[in-house]
Amino acid sequence: MTGDIRALLARHLPGYQVRTIVPLGQGLDHTVSEVNGELLIRLPKAADPEAVRQEAARLAAVAELSPLPVPEVVFADAEAGVLACRKLPGRPLNEHPPPDPARLAGPLGRFLGALHAADPGRMRDLAPLDLYPAPALLQDAELDYRDVEAHVPVDQRALVERFLAEPPPGEPRSLRFCHNDLGAEHILVDAATGTVTGVIDWSDAAVTDPAHDFARLYRDLGPGFFELTAAHYPFPLTGDDRARIRFHARCALIEDLAYGLSTGPRHYADAALAHLARTFS
């Protein structure tokens with residue numbers, strides 16, 4: 001892998017001096033390495049040239065929209081399936097929560113407002129439609145829950161089971177361009193100053209229900225933080241919007257719990273269990 005990265009850098013950044021290459025980890029589709037503490041190189045397990053071209057174009061468009069920093073593409077090698085971005089400062093919010101998380105609500109509310117204000121027709125060229133219906137999502141959540149039910153504290157199972165027995169919410173009034181996976185692990189923060197330093201991982205971005213973006217904040221940071229963020233969001237949120245946000249937060253928590261107890265890192269399950277009571281109450 002190190003040799004592949006050196007060859008890529010020699011081709012795309014001739015004269016660039018490589019001092020260190022540090023593997024950071026891997027997901028289902030990619031491995032990521034850090035070069036010189038300043039570049040992140042994503043290598044595919046199977047090259048998808050069109051996906052790389054689309055993601056590079058998406059990041060360029062998002063950089064124009066977003067009031068918060070997003071990854072800057074240094075080079076994209078579509079045929080090799082490689083994307084190289086400049087590393088943003090800060091640490092993931094789930095790893096290093098700042099002393100006063102409430103300070104993040106304003107920047108994140110304005111960020112979501114800018115994102116959701118984008119013309120969805122224009123963004124459809126850069127991000128797919130996500131039209132997975134709520135009834136199917138609820139069915140998936142119930143199947144996941146039955147797999148992990150034994151790991152849920154006995155006194156909290158009724159909360160989840162009551163949710164699973166309720167009808168799903170209705171469809172959104174409109175679809176908007178969304179990050180679509182705005183969990184705490186994708187929000188970078190300077191823990192010392194409590195400022196947001198970037199929003200990363202735009203691979204799941206889609207034109208979809210904007211409730212998805214609020215739902216991850218609700219799940220990871222709580223209903224109170226969600227309300228603080230909503231107060232800085234420039235568009236009104238109706239009772240129906242809030243019902244969909246709660247619904248997607250709860251489905252996402254069950255999904256994380258099942259993922260963390262099966263093929264994913266354990267910390268996903270630990271966080272899901274820690275946040276279960278407040279998310280389903």
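Okay, so the sequence shown: first residue is 1 according to the UniProt record's numbering, each after it adds one. Ideal Cβ placement from N, Cα and C applies to all residues, glycine included.
With burial defined as no fewer than 16 other Cβ atoms inside 10 Å of the residue's Cβ, what is the status of residue 165: buried or exposed? The residue given as residue 165 occupies position 165 in the sequence shown. Residue 165 is exposed by the Cβ-count criterion.
How many whole angstroms separate the CB atoms of residue 24 and residue 75, which I take to be in contact at a CB cut-off of 8 Å? One-based indexing of the sequence shown puts residue 24 at position 24. One-based indexing of the sequence shown puts residue 75 at position 75. Not confirmed; about 18 Å, so no contact.
Is residue 228 closer than 7 Å to residue 105 when the C-beta atoms are compared? Here residue 105 refers to the residue found at position 105 when the sequence shown is read from its first residue. Here residue 228 refers to the residue found at position 228 when the sequence shown is read from its first residue. Contact: yes.
Own chain partners of residue 118 with C-beta closer than 6 Å, once the 5 adjacent residues on each side are dropped: Taking the sequence shown and counting its residues from 1, the one referred to as residue 118 is at position 118. Taken in chain order, the residues that qualify are 65, 177.
Quick one, which of 152, 135, 139 has its alpha-carbon nearest residue 273's? Locating residue 273 in the sequence shown gives position 273, where the first residue counts as 1. Proximity to residue 273 across 152, 135, 139 peaks at 152, based on C-alpha coordinates.
Alpha helix (DSSP H) containing residue 159: first to last residue? Indexing the sequence shown from 1 puts residue 159 at position 159. Counting along the chain, the unbroken alpha helix (DSSP H) around residue 159 starts and ends at 157-165.
Cβ atoms of residue 278 and residue 253: under 7 Å apart, would you say? The residue you call residue 253 lines up with position 253 of the sequence shown. The residue you call residue 278 lines up with position 278 of the sequence shown. No; because the gap between Cβ atoms is not below 7 Å, this pair is not in contact.
Looking at the secondary structure, which residues open and close the beta strand (DSSP E) in which residue 208 lies? Taking the sequence shown and counting its residues from 1, the one referred to as residue 208 is at position 208. For residue 208, the enclosing beta strand (DSSP E) has its first and last residue at 206-208.
Taking the alpha-carbon positions, what's the residue 237 to residue 217 distance? To locate residue 237, count along the sequence shown from 1; it is residue 237. To locate residue 217, count along the sequence shown from 1; it is residue 217. Whole-angstrom Cα-Cα distance: 15 Å.
Could you give the distance in angstroms between the alpha-carbon of residue 54 and the alpha-carbon of residue 201? Taking the first residue of the sequence shown as 1, we reach residue 54 at position 54. Taking the first residue of the sequence shown as 1, we reach residue 201 at position 201. Cα to Cα, residue 54 sits roughly 14 Å from residue 201.
The alpha helix (DSSP H) spanning residue 126 covers which residue range? To locate residue 126, count along the sequence shown from 1; it is residue 126. Per DSSP, residue 126 belongs to no alpha helix (DSSP H) and is neither H nor E.
Sufficient close CB pairs (3 or more, under 8 Å) joining the region 42-59 to the region 188-200: Here the region 42-59 does not lie against the region 188-200, with fewer than 3 beta-carbon pairs under 8 Å apart.
Leaving out five residues before and five after residue 130 in sequence, what residues of the same chain have Cβ atoms less than 6 Å from its Cβ? Taking the sequence shown and counting its residues from 1, one reaches residue 130 at position 130. Answer for residue 130: 206, 208, listed in chain order.
Quick check on DSSP: helix, strand or coil for residue 96? Walking along the sequence shown from the start, residue 96 turns up at place 96. In the structure shown, residue 96 falls within a coil segment according to DSSP collapsed to helix, strand and coil.
Continuous alpha helix (DSSP H) assignments of at least 4 residues falling wholly in the region 196-274: List check, alpha helix (DSSP H) in window: 211-221, 223-231, 239-260.
Could you tell me the alpha carbon to alpha carbon distance between residue 141 and residue 93, rounded to whole angstroms? If you number the sequence shown from 1, residue 141 lands on position 141. If you number the sequence shown from 1, residue 93 lands on position 93. The alpha-carbon atoms of residue 141 and residue 93 are separated by roughly 26 Å.
Considering only C-alpha positions, which residue in the set 265, 240, 267, 225 is nearest to residue 109? The residue given as residue 109 occupies position 109 in the sequence shown. Answer by Cα proximity: 225.
How would you write the range of the alpha helix (DSSP H) that residue 181 sits in, first residue to last? For this step, residue 181 is matched to residue 181 along the sequence shown. No alpha helix (DSSP H) holds residue 181; DSSP gives it neither H nor E.
Which residues does DSSP pair with residue 151 in a beta bridge? Walking along the sequence shown from the start, residue 151 turns up at place 151. DSSP output for residue 151 lists no bridge partner at all.
With 16 as the cutoff for other CB atoms within 10 Å, does residue 11 come out buried or exposed? Taking the first residue of the sequence shown as 1, we reach residue 11 at position 11. Here residue 11 is exposed: its Cβ has fewer than 16 other Cβ atoms, across all protein chains shown, within 10 Å.
DSSP three-state label for residue 31, please. The residue given as residue 31 occupies position 31 in the sequence shown. Secondary structure at residue 31: strand, using DSSP grouped into helix, strand and coil.
Please list, in chain order, all residues of the same chain as residue 5 whose beta carbon is under 7 Å from its beta carbon, the five residues on each side excluded. Residue mapping note: residue 5 aligns to position 5 of the sequence shown, counting from 1. If the five residues before and after residue 5 are omitted, its C-beta is found closer than 7 Å to the C-beta atoms of 21, 33, 35, 41, all from its own chain and listed in chain order.
Ends of the beta strand (DSSP E) at residue 171? Residue numbering aside, residue 171 sits at position 171 when the sequence shown is read from its first letter. No beta strand (DSSP E) contains residue 171, which DSSP labels as neither H nor E.
Pair every Cβ in the region 119-127 with every Cβ in the region 232-251, then say whether three or more of these pairs are closer than 8 Å. These segments do not touch.
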